[in-house]
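*Asks:* Below is the structure I would like to discuss, written out as structure tokens.
Protein chains: 2
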Amino acid sequence: MESKGLRVQESDRTTARTRRATLTDVAALAGVSVGTASKALSGNGRMKAETRQRVLEAVQSLDFRPNQQAQNLHTGRSWTVGLMTTDGIGRFSTPVLLGAEDALGAGKISVLLCDTRGDLIRERHYLQNLMDRRVDGIIVTGRRTDPRPPLSDIPDGVPVVYVLSPSTNAADMSVVSDDAHGCRLAVEHLLASGRTRVAHITGPAHHAAAVDRALQTEQLLARSSLQLSTGRTHFGDWSEAWGRRAAEAVLRAAPDTDALFCGNDQIARGATDALRERGTAVPDQVAVVGYDNWDTMALAARPPLTTIDMDLGQIGRVAALRLLAAIDDNATPGIHPVPCRLVVRDSA
Amino acid sequence: MESKGLRVQESDRTTARTRRATLTDVAALAGVSVGTASKALSGNGRMKAETRQRVLEAVQSLDFRPNQQAQNLHTGRSWTVGLMTTDGIGRFSTPVLLGAEDALGAGKISVLLCDTRGDLIRERHYLQNLMDRRVDGIIVTGRRTDPRPPLSDIPDGVPVVYVLSPSTNAADMSVVSDDAHGCRLAVEHLLASGRTRVAHITGPAHHAAAVDRALQTEQLLARSSLQLSTGRTHFGDWSEAWGRRAAEAVLRAAPDTDALFCGNDQIARGATDALRERGTAVPDQVAVVGYDNWDTMALAARPPLTTIDMDLGQIGRVAALRLLAAIDDNATPGIHPVPCRLVVRDSA
């Protein structure tokens with residue numbers, strides 16, 4: 001691709017840019033010095049009300065907009081927040097990101113997007129870039145609920161909030177989903193509808209989301225003097241195929257199972273498919289509860305899934321508000337869980 | 001939430017920020033004036049090689065990093081690009097966004113994220129914000145392939161590229177998926193495997209993606225002197241439930257149908273479910289081809305789907321590179337289609 005020399009481009013650009021009115025134009029039209037015009041706009045310095053009024057009228061008639069970058073040099077704030085996703089922008093981090101962007105945008109704060117893809121070199125590169133741009137704070141979001149090491153080399157005065165994946169450092173701020181609450185909603189819903197033979201099918205045993213929810217489920221059943229119908233949690237992966245295989249295995253091992261609590265909606269959907277194909281009625285014979293409220297899965301399942309919604313948008317908003325508070329010197333260290341919602345459809 | 005007065009916060013912040021070395025520190029350590037230090041760093045102005053060397057050594061020993069905002073005021077570039085999504089960040093815009101971010105990040109350009117949610121007031125608010133921050137260019141991405149009106153009130157010299165949803169103004173730059181190419185890959189694959197009774201099931205008749213692909217499919221069949229097995233395209237919605245219903249209806253109306261080309265993977269997946277449940281073997285009796293290569297759908301289908309991949313990441317990268325060229329005064333107006341890929345799995 002051919003390109004003109006840099007000098008020529010810069011001068012072209014300058015020409016294009018100067019079509020916008022400058023502070024000098026404003027001062028000339030108002031008949032004041034540039035310094036007076038600047039003072040009138042910033043609200044600093046004494047001057048006659050009439051002078052200030054003339055400057056404001058000139059601003060309006062020229063449609064002058066102050067240069068944000070020049071202003072930022074004065075206030076010491078960039079009104080910019082870095083949003084780092086550590087493992088791509090996927091089904092989990094997207095709603096968090098939108099929630100955060102929503103809360104920040106309302107306060108006229110811009111979001112600089114960085115996708116590190118879990119690559120440490122990319123993370124350092126982006127971090128340096130965010131520092132060069134003098135961001136006021138950073139939101140770090142991951143997909144997994146497993147704790148992650150904190151960002152290194154963050155200068156003092158630049159707050160960071162970790163979302164979904166909490167920081168391993170308890171002195172950091174982390175906003176996470178309340179897994180214990182989600183499990184309680186699911187198990188209590190099943191018990192309230194008279195189910196007593198509950199099986200639990202979930203993801204890999206090395207994922208915190210799978211292990212934590214399994215532990216919670218066992219403890220919640222124990223509180224009602226119940227045990228898992230098959231005596232143990234069925235760890236596998238987060239797929240429909242695993243849901244189908246595991247549901248088959250559970251019903252073979254414990255035919256009196258009357259409920260399946262599944263670690264995500266894909267597993268739950270696979271389970272409903274397997275149950276339908278073996279002639280087991282859902283929810284009449286076996287109730288099924290999923291996790292995530294991923295509409296694509298939950299609504300397409302037959303029957304549509306009763307499931308737990310982590311309220312990811314709310315998690316993003318809470319994280320953004322805590323970051324803003326920290327920027328204003330009101331940091332709240334520790335792990336902050338955000339409650340879940342039970343979404344009742346036809347499967348349980 | 002209680003907050004200290006603004007004056008106090010600003011002074012706290014200044015204290016935190018000044019722990020970073022300033023240009024004054026560099027000048028003092030090098031034993032030169034601030035002006036000389038500045039010239040040494042920018043490479044402008046004459047000075048002894050030894051003086052420049054002393055400044056660079058001071059920079060290194062103090063780990064000084066120039067203030068990006070102050071530098072931008074000199075270069076007239078912000079090294080920032082606005083990324084506007086017009087209808088949330090979903091399954092389609094996310095990979096586009098990551099592709100763009102990838103191409104831009106490699107050039108040290110930061111991405112400012114704006115989610116307008118198709119709301120005109122939000123769009124104006126964000127646009128103003130991007131202008132105030134002096135972005136070098138803007139990428140606008142939508143989910144639908146329907147053309148959209150161009151952004152209004154963009155100052156001269158700020159290039160814009162539209163992605164997925166092209167601009168209605170032919171003088172704008174738009175990067176889109178090559179729907180005609182995608183349909184050709186699908187239909188030619190079916191014909192090459194000996195299918196001659198092809199039905200087409202797709203989304204709403206008011207979506208460009210549905211109408212364009214239907215037209216392409218009919219024309220491609222006509223070129224081989226073939227017609228749709230049911231004589232017409234089946235418009236509905238983009239859901240699995242529609243795929244199930246439509247596949248049933250097609251097989252009732254034209255029992256000799258030997259292939260289904262579906263407008264997206266959800267429809268294709270629904271179709272495979274309906275075919276399996278009525279005892280029709282896929283692909284032996286009826287081949288099924290989807291569109292999108294959405295792994296969640298394509299891999300979970302039984303059998304896994306042969307489908308068209310729009311290469312959304314590549315679309316994002318192409319858009320970002322065209323925007324960078326336009327920023328360097330090499331704009332390429334018009335609609336630029338990006339080719340698709342055929343992904344062959346077991347369903348056809």
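So the protein sequences, as listed, match chains A and B. Using UniProt numbering, the letters of the first sequence correspond one by one to residues 1 to 348. Using UniProt numbering, the letters of the second sequence correspond one by one to residues 1 to 348. Where a beta carbon is used, it is the ideal one built from N, C-alpha and C, also for glycine. Given the structure is predicted, the values throughout are model-derived calculations rather than measurements.
Is any beta-carbon of chain B found at less than 9 Å from that of A40/A?
*Replies:* Output row for A40/A: interface = no.
*Asks:* So which residues of chain A does R143/B contact, with C-beta pairs closer than 9 Å?
*Replies:* In chain order: nothing, as chain A lies at least about 13 Å away.
*Asks:* Taking Cβ-Cβ distances shorter than 9 Å, what residues in chain A pair up with N264/B?
*Replies:* Those within 9 Å of N264/B in chain A number zero; the least Cβ separation is about 12 Å.
*Asks:* Run through the segment 88-113 of chain B for me and flag every whole beta strand (DSSP E) of 3 or more residues, listed as ranges in chain order.
*Replies:* Correct list: empty.
*Asks:* Can you name the start and end residues of the alpha helix (DSSP H) that S61/B belongs to?
*Replies:* Segment 49-62, the alpha helix (DSSP H) holding S61/B.
*Asks:* What runs of the beta strand (DSSP E), each 3 residues or longer, lie entirely inside the segment 295-320 of chain A?
*Replies:* Correct list: 306-309.
*Asks:* To the nearest angstrom, report how far apart A28/A and H125/B are at their CA atoms.
*Replies:* Whole-angstrom Cα-Cα distance: 29 Å.
*Asks:* Give the residues of chain B in contact with T86/A, contact being defined as C-beta atoms less than 8 Å apart.
*Replies:* Residues of chain B passing the Cβ test: none, with the nearest at roughly 13 Å.
*Asks:* Under a three-way DSSP split, which group does A241/B fall into?
*Replies:* Three-state result, A241/B: helix.
*Asks:* Quick one, which residues of the segment 109-122 of chain A are near chain B if we go by CB-CB under 7 Å, in chain order?
*Replies:* Within the segment 109-122 of chain A, the qualifying residues are S110, V111, L112, L113, D115.
*Asks:* Can you tell me which of the three DSSP states R124/B falls into?
*Replies:* Helix at R124/B.
*Asks:* Below 7 Å on C-beta distance, what does L127/A contact in chain B?
*Replies:* Within chain B, no residue comes near L127/A; the closest Cβ sits about 12 Å away, beyond 7 Å.
*Asks:* Who does G137/B pair with in a DSSP beta bridge?
*Replies:* Bridge partners of G137/B: V81/B.
*Asks:* Tell me which residues share the same chain as P283/A and place their Cβ nearer than 6 Å to its Cβ, disregarding the 5 neighbours each side in the sequence.
*Replies:* Only S347, A348 meet the Cβ criterion.
*Asks:* In this structure, what does DSSP give as the bridge partners for residue 351/A?
*Replies:* Outside the displayed range of chain A (1 to 348) lies residue 351/A, so it cannot be described from this structure.
*Asks:* What is the residue span of the alpha helix (DSSP H) that G270/B lies within?
*Replies:* First-last of the alpha helix (DSSP H) with G270/B: 265-277.
*Asks:* Check whether the Cβ of R133/B lies closer than 9 Å to any Cβ atom in chain A.
*Replies:* Yes, R133/B lies at the interface with chain A (some Cβ there is under 9 Å from its Cβ).
*Asks:* In chain B, what lies closer than 9 Å to E57/A by C-beta?
*Replies:* Going along chain B, no residue has its Cβ under 9 Å from E57/A, so there is no contact; the nearest lies around 21 Å.
*Asks:* Taking the alpha helix (DSSP H) that R184/A belongs to, which residues open and close that run?
*Replies:* First-last of the alpha helix (DSSP H) with R184/A: 179-192.
*Asks:* On the three-state DSSP scale, how would you describe R223/B?
*Replies:* Correct three-state label for R223/B: helix.
*Asks:* Taking only three categories from DSSP, how would you classify L323/B?
*Replies:* The answer is helix: DSSP assigns L323/B an H, G or I state.
*Asks:* Along the segment 215-238 of chain B, where does the CB come closer than 7 Å to a CB of chain A? Name the residues.
*Replies:* Those residues of the segment 215-238 of chain B that come within reach of chain A (Cβ to Cβ, closer than 7 Å) do not exist; the list is empty.
*Asks:* Taking Cβ to Cβ, would you say A259/A is nearer than 9 Å to A287/A?
*Replies:* Yes, Cβ-Cβ distance for A259/A and A287/A is below 9 Å.
*Asks:* Answer yes or no: does any C-beta atom of chain A fall closer than 9 Å to that of G105/B?
*Replies:* G105/B counts as touching chain A.
*Asks:* Sort out for me which residues DSSP pairs H234/A with in a bridge.
*Replies:* Answer is I201/A, bridged to H234/A.
*Asks:* Any beta-carbon of chain B closer than 9 Å to the one on E248/A?
*Replies:* Cβ-Cβ to chain B under 9 Å: no for E248/A.
*Asks:* Is the beta carbon of H336/B sitting closer than 9 Å to the one on M173/B?
*Replies:* A contact, by the Cβ cut-off of 9 Å.
*Asks:* Among L98/B, A268/B, R245/B, which residue has its Cα nearest to the Cα of D311/B?
*Replies:* D311/B has its Cα closest to that of L98/B, out of L98/B, A268/B, R245/B.
*Asks:* For T168/A, count the other beta carbons within 10 Å of its own beta carbon; 16 or more makes it buried, fewer makes it exposed. Which is it?
*Replies:* With fewer than 16 Cβ atoms within 10 Å of its Cβ, T168/A is classed as exposed.
*Asks:* Can you name the residues of chain B whose CB is closer than 7 Å to the CB of A320/A?
*Replies:* The contacting residues do not exist; A320/A stays about 13 Å from chain B at best.
*Asks:* Taking the alpha-carbon positions, what's the A301/A to W242/A distance?
*Replies:* Roughly 15 Å separates the two Cα atoms.
*Asks:* In the segment 262-286 of chain B, which residues sit with their C-beta less than 7 Å from some C-beta in chain A, listed in chain order?
*Replies:* For the segment 262-286 of chain B, which is checked against every Cβ of chain A, not one residue is closer than 7 Å.
*Asks:* Pick from S224/A, Q314/A, K108/A: whose alpha carbon is nearest that of E188/A?
*Replies:* If we check each option's Cα against that of E188/A, S224/A comes out closest.
*Asks:* In whole angstroms, what separates the C-alpha of E248/B from that of E218/B?
*Replies:* So the two alpha carbons sit approximately 21 Å from each other.
*Asks:* Please confirm if L260/A has its CB atom under 9 Å from at least one CB of chain B.
*Replies:* L260/A does not count as touching chain B.
*Asks:* By how many angstroms is the C-alpha of R232/B removed from the C-alpha of F261/B?
*Replies:* Between F261/B and R232/B, the C-alpha separation is close to 13 Å.
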